[in-house]
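Protein chains in written order, with our numbering: chain A, 1 to 398; chain B, 1 to 398.
Structure, rendered in structure tokens:
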């Protein structure tokens with residue numbers, strides 16, 4: 001079981017898929033009045049250029065750029081060390097390089113020339129600057145570049161990239177689904193491999209070996225936390241803590257497969273669960289069901305939240321929301337993407353969107369319990385991508 | 001072997017260690033004329049506040065901040081979902097939270113109030129903006145905040161954080177060493193578990209399961225590439241490619257243990273290596289030895305480069321440098337940190353610095369071969385943290 005014999009990969013994205021993405025990008029750019037986009041995040045370079053390289057995310061020593069004009073040929077602008085990685089993985093034929101690291105000029109002159117050579121219609125160049133973005137280059141260099149490209153104006157292109165990535169293709173959804181199924185298979189076996197005396201860190205490593213053996217490319221997010229009859233809170237751990245009888249173990253994980261992520265969480269009880277834990281688990285299971293039923297085309301992210309909250313409000317506290325800030329979110333290349341299932345998020349669900357449903361419950365003793373499932377919106381409802389969690393909390397023998 | 005029974009963790013960082021870091025930070029801030037630093041990257045929040053949380057790196061939906069004034073109490077400013085993670089892991093007692101995601105105001109008002117309440121001496125607040133930094137919040141929000149904190153000026157604090165993190169404590173070096181030893185142990189066993197027919201992706205997953213079973217917390221960087229008598233280039237892969245007899249396999253990995261990274265690479269030959277590969281491997285081994293011998297207190301990063309280049313220049317091409325841009329670099333919490341072993345980098349090596357030595361060779365057929373070892377500078381020379389690669393390239397039976 002622990003040996004990754006897993007060899008049947010999903011077929012690679014077709015050239016037609018990338019052409020379709022580029023075509024949609026150009027339409028959205030025209031609507032947003034952009035002459036070009038300078039993409040610095042790996043996730044958007046992967047999405048639009050098909051570039052695949054683990055290195056930029058782990059090493060901030062060199063920036064990596066993808067310049068995508070609204071008309072004309074796109075260009076990869078990467079450190080010389082990455083030229084072959086670009087040519088091997090991307091459909092984008094033009095690549096320019098510079099000898100990096102070179103802090104005094106990390107390819108900025110190349111970018112300036114490309115932007116100066118862009119057909120000028122709107123005078124606006126998009127850069128990832130808005131909500132939920134992270135810049136893939138130093139801020140100082142971005143501000144220098146902003147001056148270097150005048151009279152072109154630098155504006156946010158987050159809305160374009162968000163809209164572009166909202167609707168997933170079948171091939172994308174297949175990747176999220178595989179990432180989900182890998183984690184689900186590992187969760188299914190968990191009571192057989194977690195032992196009394198394992199610390200949170202050891203449990204995390206055991207889950208990571210299983211997920212990798214089952215085909216995950218990356219398991220870096222594996223939140224592993226235990227606490228008395230629930231968790232002190234969400235997204236913490238693992239620490240060196242060793243769980244005791246009666247504790248709840250929660251793992252929230254985002255396994256990755258071929259550049260796409262799952263995001264699901266499961267709970268386990270060390271020994272027999274208390275009545276309070278059993279009731280909480282059942283309530284969350286029902287809230288999740290309500291959220292799944294509400295996630296249909298035309299509904300809003302807010303409605304998916306409200307459906308879950310209605311169940312949690314039965315007899316009291318939907319206070320988990322105050323801690324978590326939302327009851328699920330978008331999912332795809334990243335563990336978390338827009339929208340947010342929360343009050344005020346009126347994003348309309350459309351076929352091809354991928355969503356998590358994630359209610360959280362604050363128990364009387366102040367502890368948290370949460371659940372999470374992943375689904376894809378379809379023409380007539382949705383398709384669950386995870387294997388549904390059992391209604392009763394599974395136990396680990398201690 | 002594949003089951004992570006690994007339970008003996010290194011003792012946690014002491015409070016004295018964090019007090020020492022904070023004290024040095026304050027001295028460096030006075031020298032740089034900073035009244036405060038707003039740290040948005042997880043790596044600097046971990047380093048200075050001791051905050052531990054996997055979530056922010058995987059999920060860009062919410063920003064996480066650490067405000068460190070030169071005088072007065074530091075404050076964690078984190079989404080409500082992360083309050084407990086902060087309290088459990090950090091020595092910093094004051095925490096402020098807001099209900100996130102809230103794109104219209106992601107904690108900016110809290111930051112404005114904290115900065116307004118800072119004792120004003122220089123009127124300058126540091127933010128990570130310079131070389132090799134990545135901002136942990138959207139750029140648009142940073143620019144808004146810059147206006148909100150006037151008359152305080154926003155300036156780069158990269159030089160302060162770089163100097164602060166340059167000199168590693170014994171406890172830090174112990175973590176890098178463990179991360180190195182985990183990868184080395186897995187490399188040592190590699191010829192026994194890689195089989196004919198394994199694709200690059202399968203080989204990567206096999207290495208990841210081993211490293212995790214041996215105690216790695218994270219293995220996200222595992223560059224795995226094969227090519228005929230060398231690699232087409234560096235930092236690419238894994239792809240679906242299945243190596244053939246005579247191919248070289250190179251893995252460059254940065255296993256993480258308790259927040260610290262190793263960064264080493266090893267080569268293997270599928271079947272008997274060609275004479276060209278054998279000679280290249282031997283030359284790199286000798287270049288590495290020369291680099292290690294040159295890495296002593298008082299020497300510069302440039303000198304460590306030159307020592308390696310002198311060996312590679314024997315009889316021809318040190319052209320690997322043109323592709324790689326440097327022959328090694330700093331190492332610590334990140335896979336790559338300053339300085340760069342390259343022409344012009346006059347950074348003086350001091351005891352406590354951790355460095356990689358990484359010569360790369362461009363072969364006659366255009367293929368690359370590289371090596372990498374990690375060491376810590378000591379009072380009287382250095383201490384190797386990796387197990388030295390064998391001088392002869394190991395073979396995998398095919």
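For glycine and all other residues, C-beta sits at the position ideal for the given N, C-alpha and C.
Does any C-beta atom of chain D lie closer than 7 angstroms to the C-beta of residue i?
i	result
residue 85 of chain A	The chain labelled as chain D is not found among the protein chains of the depicted structure, namely A and B.
Three-state secondary structure (DSSP) at residue i?
i	result
residue 35 of chain A	coil
residue 281 of chain B	helix
residue 176 of chain A	helix
residue 137 of chain B	coil
residue 50 of chain B	coil
residue 388 of chain A	coil
residue 127 of chain B	strand
residue 264 of chain B	strand
residue 166 of chain B	helix
residue 209 of chain B	helix
residue 395 of chain B	strand
residue 201 of chain B	helix
residue 346 of chain A	coil
residue 88 of chain A	helix
residue 399 of chain B	The structure shown has nothing for residue 399 of chain B, since chain B only spans 1 to 398.
residue 13 of chain B	coil
residue 105 of chain B	coil
residue 288 of chain B	helix
residue 240 of chain B	coil
residue 437 of chain A	One cannot answer for residue 437 of chain A here, as it falls past the ends of chain A, which runs 1 to 398.
residue 232 of chain B	coil
residue 63 of chain A	coil
residue 295 of chain A	coil
Out of the options, point me to the one whose CA is closest to residue i's CA.
i	options	result
residue 280 of chain A	A:369, A:226, A:173, A:192	A:369
residue 122 of chain B	B:209, B:165, B:70	B:70
residue 221 of chain A	B:398, B:199, B:45, B:52	B:52
residue 232 of chain A	A:30, A:363, A:375	A:363
residue 321 of chain B	B:333, B:330, B:341	B:341
residue 401 of chain A	A:95, A:365, A:395, A:14	Given that chain A is displayed from residue 1 to residue 398, the structure contains no residue 401 of chain A and the question cannot be resolved.
residue 397 of chain A	A:216, A:198, A:127, A:330	A:198
residue 347 of chain B	B:379, B:26, B:304, B:375	B:304
residue 73 of chain B	B:37, B:308, B:266, B:353	B:37
residue 87 of chain B	A:278, A:189, A:276, A:236	A:236
residue 153 of chain A	A:135, A:239, A:264, A:118	A:118
residue 106 of chain B	B:163, B:248, B:126, B:136	B:136
residue 115 of chain B	B:81, B:104, B:151	B:151
residue 298 of chain B	B:12, B:292, B:349	B:349
residue 378 of chain B	B:336, B:173, B:211	B:173
Hey, would you say the C-beta of residue i is under 6 angstroms away from at least one heavy atom of the ligand GTP?
i	result
residue 132 of chain B	The ligand GTP is not among the ligands present in this structure, which contains no ligands whatsoever.
Have a look at the DSSP bridge pairing and note the partners of residue i.
i	result
residue 362 of chain B	B:368
residue 96 of chain A	A:77
residue 330 of chain A	A:337, A:355
residue 248 of chain A	A:227, A:269
residue 57 of chain B	Paired residue(s): none; residue 57 of chain B is not in a bridge.
residue 375 of chain A	A:355, A:384
residue 154 of chain B	B:125
residue 256 of chain B	B:218, B:261
residue 68 of chain B	B:37
Just checking my contact of residue i with residue j at CB under 8 angstroms: how many whole Å lie between their CB atoms?
i	j	result
residue 312 of chain B	residue 359 of chain B	6 angstroms
residue 295 of chain B	residue 354 of chain B	10 angstroms between Cβ atoms; not a contact.
residue 111 of chain A	residue 77 of chain A	6 angstroms
residue 156 of chain A	residue 126 of chain A	7 angstroms
residue 61 of chain A	residue 132 of chain B	5 angstroms
residue 203 of chain B	residue 264 of chain B	Not quite, the Cβ-Cβ distance comes to about 16 angstroms (not below 8 angstroms), so this is no contact.
Spell out a yes or no on whether the region 247 to 266 of chain A and the region 203 to 218 of chain A are touching, meaning 3 or more CB-CB pairs, one atom from each, closer than 8 angstroms.
yes
Are there three or more Cβ pairs, one per stretch, closer than 8 angstroms when the region 385 to 392 of chain A is compared with the region 112 to 127 of chain B?
no
For the region 165 to 184 of chain A against the region 260 to 270 of chain A, are there 3 or more C-beta pairs whose distance is under 8 angstroms?
yes
So, do the region 41 to 52 of chain B and the region 61 to 78 of chain B have three or more beta carbon pairs nearer to each other than 8 angstroms?
yes
Count Cβ pairs between the region 10 to 29 of chain A and the region 99 to 106 of chain A that sit closer than 8 angstroms; are there 3 or more?
no
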